[in-house]
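Peer 1:
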Amino acid sequence: MTDAKRINEITGRPMAECEKQAQQIAECIKEMNSRIVEFYYTKKDGSKRQAFGTLQPDIIIPIISQAPERKPNPDLVTYYDTEVKAFRSFKKVNFVEYVKQAQA
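Under the numbering used here, the first residue of the sequence shown is numbered 3, with each subsequent residue one higher.
1) With a threshold of 7 angstroms on Cβ separation, who are the neighbours of Thr80 within its own chain once the five nearest residues in sequence on each side are excluded?
2) Report the rounded CA-to-CA distance for Ala6 versus Lys73, giving the unit in angstroms.
3) What three-state label does DSSP hand Glu85 in the structure shown?
4) How many angstroms separate the CA atom of Glu71 from the CA atom of Ile65?
5) Could you tell me which residues DSSP puts in a beta bridge with Ala53?
6) Mark Met17 as exposed unless 16 or more other C-beta atoms lie within 10 angstroms of its C-beta, in which case mark it buried.
7) Going straight from the alpha carbon of Ile63 to that of Ala69, what length do you get?
Pasting the structure below:
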């Protein structure tokens, strides 16, 4: 199942809106593979959380090589939070936005 379909199934929001959110999540993850990204998501308590995260291999590989392996959850985005120096995750349905890198 695609992320957009899953978001639609969980939230009941219009498919076009879910597709846009899924695309933004994919872009954010792609950006996190090469840099630290500022992004926002809604926490369980309803508040908006600002996060600075990355998936850069040179940062996360040394950390994950020492951690126990976990089963991936397709409803979550897991990232390395550069402020708290730990892995965090959020539900894809709670993604709000990410700050795109300025074009040089």
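For every residue, glycine included, the Cβ atom is placed at its ideal position computed from N, Cα and C.
Peer 2: Concretely, from the data shown:
1) The residue given as residue 80 occupies position 78 in the sequence shown. Excluding sequence positions up to five before and after Thr80, its CB lies within less than 7 angstroms of the CB of Phe89, Ser91, all in the same chain and listed in chain order.
2) Position 4 of the sequence shown, counted from the start, is the residue given in the question as residue 6. Position 71 of the sequence shown, counted from the start, is the residue given in the question as residue 73. Near 22 angstroms, if we compare the C-alpha coordinates of Lys73 and Ala6.
3) As a position in the sequence shown, residue 85 is number 83, starting the count at 1. Looking at Glu85 - three-state DSSP - the assignment turns out to be coil, as it is neither helix nor strand.
4) Stepping through the sequence shown from its first residue, residue 71 is reached at position 69. Stepping through the sequence shown from its first residue, residue 65 is reached at position 63. Between Glu71 and Ile65, the C-alpha separation is close to 12 angstroms.
5) Locating residue 53 in the sequence shown gives position 51, counting from the first residue. DSSP lists Phe41 as partners of Ala53.
6) For the purposes of this step, residue 17 is identified with residue 15 of the sequence shown, where counting begins at 1. Met17 is exposed by the Cβ-count criterion.
7) For the purposes of this step, residue 63 is taken as the residue at position 61 of the sequence shown. For the purposes of this step, residue 69 is taken as the residue at position 67 of the sequence shown. In a straight line, the C-alpha of Ile63 is about 10 angstroms away from that of Ala69.
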